[in-house]
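A short write-up of the structure that comes next.
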Amino acid sequence: MKNVSLIVYPAADLTAAKRFFRELTGSDPYLDSPQYVGYKSGDMEIGLDPNGKHEHGALAYWSVSDIAASVKALVAAGGTVVKEVTDVGYGLLVANLKDGNGVTVGLRQLPKS
35 MKNVSLIVYP
45 AADLTAAKRF
55 FRELTGSDPY
65 LDSPQYVGYK
75 SGDMEIGLDP
85 NGKHEHGALA
95 YWSVSDIAAS
105 VKALVAAGGT
115 VVKEVTDVGY
125 GLLVANLKDG
135 NGVTVGLRQL
145 PKS
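Here is the structure:
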């Protein structure tokens with residue numbers, strides 16, 4: 035696994051969240067759709083998800099080179115799959131797992147060039 039490269043925040047009120055994160059990041063979103071709003075802050079991506087679960091708060095995503103192998107290894111280490119590997123568009127793959135304490139972690143694999 036490489037690093038945490040994405041943090042997604044639930045945003046039931048997307049308009050208010052965009053105003054807040056525009057101020058926080060000092061920039062407009064690079065992606066602004068009804069399903070997802072994305073900001074860049076250095077190498078970090080900050081995402082707003084209007085369908086996110088508020089009881090979990092923000093969700094950090096770790097970038098991995100082989101998401102299937104990473105899911106398999108984390109399950110072998112005691113994790114449980116919350117969201118199966120899913121292509122969320124243009125070949126970007128994501129998955130969510132819980133550790134033994136119930137903490138949810140995200141994985142993402144960038145599209146292959």
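So the sequence shown is numbered by our numbering: it starts at 35 and just counts up by one. We treat Cβ as the ideally placed atom computed from N, Cα and C, and that holds for glycine.
Practice task
Note the first and the last residue of the continuous alpha helix (DSSP H) segment covering A51.
Solution key: For the purposes of this step, residue 51 is taken as residue 17 along the sequence shown, with counting starting at 1. That run of the alpha helix (DSSP H) goes L48 to T59.
Exercise for the section: Specify the secondary structure class of S99 as computed by DSSP and reduced to three states. Expected result: The sequence position of residue 99 within the sequence shown is 65, counting from 1. For S99, the secondary structure class from DSSP, reduced to helix, strand or coil, is coil.
Problem - Euclidean distance between Cα positions of S99 and A50 - result: To locate residue 99, count along the sequence shown from 1; it is residue 65. To locate residue 50, count along the sequence shown from 1; it is residue 16. A straight line joining the alpha-carbon of S99 with that of A50 spans about 34 Å.
Handout entry: Given 8 Å, three or more beta-carbon pairs between the region 127-145 and the region 108-117
Key = A contact exists between the region 127-145 and the region 108-117.
Handout entry: Separation of L108 from K150, as counted between CA atoms
Key = Here the chain has residues from 35 to 147 only, and residue 150 is not among them.
Problem - Burial state of R53 (16 or more Cβ within 10 Å) - result: Indexing the sequence shown from 1 puts residue 53 at position 19. The residue in question, R53, is exposed, as its Cβ has fewer than 16 Cβ neighbours within 10 Å.
Handout entry: Assigned exposure category for N85 - 16 Cβ within 10 Å defines buried
Key = For the purposes of this step, residue 85 is taken as the residue at position 51 of the sequence shown. N85 counts as exposed, since fewer than 16 other C-beta atoms from the protein chains shown sit within 10 angstroms of its C-beta.
Problem - Reduced DSSP category for S147 - H, G, I as helix; E, B as strand; rest coil - result: For the purposes of this step, residue 147 is identified with residue 113 of the sequence shown, where counting begins at 1. Coil, per DSSP.
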